[in-house]
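Chains as they are written, first to last, in the numbering used here: chain A, 1 to 349; chain B, 1001 to 1349. A virtual CB, placed ideally from N, CA and C, is assigned to each residue, including glycine. Computed from a predicted structure; not experimentally measured. Remarks on the structure that follows.
There are 2 protein chains.
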Amino acid sequence: MAAEKKTSGVRPSIHSVAAYAGVSIATVSKVMHGDKTVRPENVVSVQNAIEALGYRINPLAADLRRGRRKLVGIIVPSFDDPYYASFVGALERQAERRGYALAATSSRDSEKRELELAKRMEDWRVSGVILVPVKDENGQGARVLKASEMAAVFIDNVIGGTGGETIAFDYRAAIRDVVAQTARLGHQRMLVAVPDVRRPGPTRLASHLVASLKAAVPGAAVQVLSTPTSREKLAEALAEIFGSAERPTLVLSFSEVAVTLTLNIARRLDWNVPEDLSLFSFKPVEWMRAIEPAIGSVQLPIDGAAVTIMDTIFQKIDNKAAAAHDQLLPCKIDFGQSMTTPRGQELSR
Amino acid sequence: MAAEKKTSGVRPSIHSVAAYAGVSIATVSKVMHGDKTVRPENVVSVQNAIEALGYRINPLAADLRRGRRKLVGIIVPSFDDPYYASFVGALERQAERRGYALAATSSRDSEKRELELAKRMEDWRVSGVILVPVKDENGQGARVLKASEMAAVFIDNVIGGTGGETIAFDYRAAIRDVVAQTARLGHQRMLVAVPDVRRPGPTRLASHLVASLKAAVPGAAVQVLSTPTSREKLAEALAEIFGSAERPTLVLSFSEVAVTLTLNIARRLDWNVPEDLSLFSFKPVEWMRAIEPAIGSVQLPIDGAAVTIMDTIFQKIDNKAAAAHDQLLPCKIDFGQSMTTPRGQELSR
DNA sequence: ATGAAAGCGCTAACAT
DNA sequence: ATGTTAGCGCTTTCAT
């Protein structure tokens, strides 16, 4: 039913609306913001004018005047990682539920760029910034954010324990559980695949995993494989490892491609997963749960996390009250069917 | 070496800089924009002031005055699809090469939301908008974009042939090649897996594929499977199809999960790919090329496409000259090792 | 309940 | 070469 408004190329301003309605711009502004001190008849005529002219507020002008924008920024290492992409989508939804827009940017795993983006957020007068640090929450970008008057929250690639402004999945708990299961099943030789060197976060976790394994399994032989740049090199490295007599009986991977290639090699050698080789992925990817056998993996409740994150940042935006403690979000583990007792071992007790 | 600037909480304006340097704000503005008509000594003192105060321009004020922002918007159906996520990353880079920022948003497969976002882009005074339509370039969102004075380009989910403002991969050429190969190998019975019903784009292409198959292979039996909502239902449907006597010898899929489940079933039935079942994916996903046998798939040169897209939109922003024709970008096909002659068939001639 | 007026920080036209 | 000035479109006192 709604007819076409606005034939002219120039957009109506608050002045046009005021003139059309026969009131002052202050009154129009009040109507736009639902101020109760406007006479009902004036509210109506202003609304008519708005409708007739197809007026929409110019957020640039409003925000310039106000000094802060209804905008929260996010800086992720990259959009290509479905994990981060998923965060962006979920956070966009959460921001908009509160009448804010999300300004999404990517640092491309560069701390230099992260710093630039932090400054851009400041320049843009966003109300808050969510940063997934390239390295951790003590980098230069994070420093800028902390020093500014914007609300800031650091997520995912964080160390925590200091500021009380970090939120992350409780990966250490997940590691604890997987290590416990590993010990219970009796694995003695394992391979830990660490991802892309440009991603310090998972690398830190992998180190923690290695340490935990050694602590939990006395005499454990833990091999670490840093994911090389090319798929071919990685495949070679894996083949060599699996070719040795002292081959690992369990692969714990932080890298999707390492899981894929491990499955390839297993198939080529005619090994069954999990009977001949156990496997677990700390990087959750859709297909791992859809194949047979289902590959065990950590499950991250991203939508829920997005709610927590947005709540936290709006708490800061509104109250200016800083949350006093770092937040650790639980993550579930789906062991799938990919881990069992190693060949020739009995399940201890 | 750079010392800490700006101890105060309030950001310096162009006035502070002018005062500090002992010049007028007009001069500061000129220096900021590299105007050559400023005395070198003044340039220096202004630069010193900027440095000393840690001044950065307020883009809100500048853009309000200018009436247009150095910003191009993009609206994708979702960030979760790695294909679109990849576009966002590549386009962000391209925009920034030209000194523009990218405002990335997602329509969540909703035309209603697409319309809202189109209006938001208008409100934000972005210079140009790249839209991946939920349905096609004739929706309401696209209409708003066309009517506005913003430059607009419609990509990927487009029909084309009308406006000359669309850019898409040449999927029909890819389909042609795959159909030719199918005919050459002698397949008679095939299954086409269509994805998510909320994605009209691939659905259109799938229809075209079906028609092409029927045209190229006389008497072909082409089954179409619309991807149901749940993985379980899809698995069931596939199992039933493969259980029948007249089972397809080739699967052509527009859906990642359909490929995964097909591989599952093949393995369970102890079929080899491609000897017992040929497979091709129109949805390119990393792992398909990393497994053995490598699954054939269409390869989309997204980075190159991003360059073309940005070039096109900046052409419109700068010249106001509309490109007169729709653009079709070539895509490569990687047949991998997943297609061969069906059992008991000879390769014709 | 309403409107006049003073900016927010900048650009650009115009004088000088 | 430089400065003055008039806005961009809005919000927000502050009188009335």
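Can you name, in chain order, every residue of its own chain whose Cβ lies under 7 Å from the Cβ of residue i, other than the five neighbours on each side?
| i | result |
| --- | --- |
| residue 1003 of chain B | Confidence at residue 1003 of chain B is low in this model, with a pLDDT of 40, below 50, so its placement is unreliable and no value can be given for it. |
| residue 237 of chain A | 225 and 228 |
| residue 95 of chain A | 72, 101, 102 and 310 |
| residue 60 of chain A | none |
| residue 1067 of chain B | 1125 |
| residue 334 of chain A | 289, 296, 297 and 299 |
| residue 1020 of chain B | 1049, 1052 and 1053 |
| residue 208 of chain A | 172 and 175 |
| residue 1218 of chain B | none |
Take the Cβ of residue i as the centre, count every other Cβ of all protein chains shown within 10 Å, and call the residue buried at 16 or more, exposed below.
| i | result |
| --- | --- |
| residue 299 of chain A | exposed |
| residue 1010 of chain B | exposed |
| residue 211 of chain A | exposed |
| residue 1118 of chain B | buried |
| residue 1081 of chain B | buried |
| residue 36 of chain A | exposed |
| residue 145 of chain A | buried |
| residue 1142 of chain B | buried |
| residue 105 of chain A | buried |
| residue 1182 of chain B | buried |
| residue 269 of chain A | exposed |
| residue 1347 of chain B | Bear in mind that the predicted position of residue 1347 of chain B carries a pLDDT of just 45, short of 50, making it too unreliable to give a figure here. |
| residue 12 of chain A | buried |
| residue 1162 of chain B | exposed |
| residue 65 of chain A | exposed |
| residue 1364 of chain B | Outside the shown range of chain B (1001 to 1349) lies residue 1364 of chain B, about which nothing can therefore be said. |
Between the alpha carbons of residue i and residue j, how many angstroms are there, rounded?
| i | j | result |
| --- | --- | --- |
| residue 200 of chain A | residue 132 of chain A | 12 Å |
| residue 1329 of chain B | residue 1097 of chain B | 22 Å |
| residue 1240 of chain B | residue 1246 of chain B | 11 Å |
| residue 1014 of chain B | residue 1052 of chain B | 13 Å |
| residue 198 of chain A | residue 134 of chain A | 8 Å |
| residue 220 of chain A | residue 273 of chain A | 21 Å |
| residue 1271 of chain B | residue 1231 of chain B | 21 Å |
| residue 1343 of chain B | residue 1286 of chain B | 29 Å |
| residue 337 of chain A | residue 249 of chain A | 15 Å |
| residue 1083 of chain B | residue 307 of chain A | 26 Å |
| residue 1093 of chain B | residue 148 of chain A | 26 Å |
| residue 1056 of chain B | residue 1025 of chain B | 14 Å |
| residue 1282 of chain B | residue 1099 of chain B | 35 Å |
| residue 1214 of chain B | residue 262 of chain A | 40 Å |
| residue 1315 of chain B | residue 305 of chain A | 41 Å |
| residue 1079 of chain B | residue 258 of chain A | 24 Å |
| residue 1017 of chain B | residue 16 of chain A | 36 Å |
| residue 267 of chain A | residue 1267 of chain B | 11 Å |
Output yes or no for whether 8 Å exceeds the beta carbon distance between residue i and residue j.
| i | j | result |
| --- | --- | --- |
| residue 260 of chain A | residue 1290 of chain B | yes |
| residue 1107 of chain B | residue 1075 of chain B | yes |
| residue 1331 of chain B | residue 1170 of chain B | yes |
| residue 116 of chain A | residue 139 of chain A | no |
| residue 1254 of chain B | residue 1195 of chain B | yes |
| residue 280 of chain A | residue 252 of chain A | yes |
| residue 278 of chain A | residue 187 of chain A | yes |
| residue 292 of chain A | residue 340 of chain A | no |
| residue 1192 of chain B | residue 1222 of chain B | yes |
| residue 128 of chain A | residue 317 of chain A | yes |
| residue 90 of chain A | residue 303 of chain A | yes |
| residue 432 of chain A | residue 1085 of chain B | Because chain A in this structure spans residues 1 to 349, residue 432 of chain A falls outside the shown range and cannot be described. |
| residue 973 of chain B | residue 1151 of chain B | An answer regarding residue 973 of chain B cannot be provided, because it is not within the stretch 1001 to 1349 covered by chain B. |
| residue 203 of chain A | residue 326 of chain A | no |
| residue 58 of chain A | residue 1063 of chain B | no |
Within a Cβ cutoff of 8 Å, which residues of the same chain sit near residue i, ignoring the five residues on either side of it in sequence?
| i | result |
| --- | --- |
| residue 1022 of chain B | 1045 |
| residue 1043 of chain B | 1031 |
| residue 1039 of chain B | none |
| residue 1006 of chain B | Here residue 1006 of chain B scores only 46 on pLDDT, less than 50, and its place in the model should not be relied on; the value that follows carries that caveat. Here the set comprises 1012, 1053 and 1054. |
Is residue i near the ligand HEM, with its Cβ less than 7 Å from a heavy atom?
| i | result |
| --- | --- |
| residue 1238 of chain B | Among the ligands in the structure shown, none appear at all, so the ligand HEM cannot be discussed. |
Beta-carbon within less than 6 Å of residue i's beta-carbon, same chain only, minus the 5 sequence neighbours each way: which residues are those?
| i | result |
| --- | --- |
| residue 356 of chain A | Any question about residue 356 of chain A goes unanswered here, given that chain A covers just 1 to 349. |
Exercise. Which parts of the stretch 1243-1268 of chain B are runs of the alpha helix (DSSP H), unbroken and 4 residues or longer, counting only runs that do not cross its ends?
Worked result: Within the stretch 1243-1268 of chain B, the complete alpha helix (DSSP H) runs of at least 4 residues are 1256-1268.
For this session: Counting only runs of 3+ residues fully inside the stretch 135-215 of chain A, write out the beta strand (DSSP E) ranges in chain order.
Result: List check, beta strand (DSSP E) in window: 151-155, 166-169 and 189-194.
For this session: Please list the segments of the alpha helix (DSSP H) lying wholly inside the stretch 1062-1132 of chain B, counting only runs of 4 or more residues, in order along the chain.
Result: 1082-1097 and 1111-1123
For this session: Could you name each continuous beta strand (DSSP E) segment of 3 residues or more that falls completely within the stretch 287-347 of chain A, going from the start of the chain to the end?
Result: 295-299, 327-329 and 332-336
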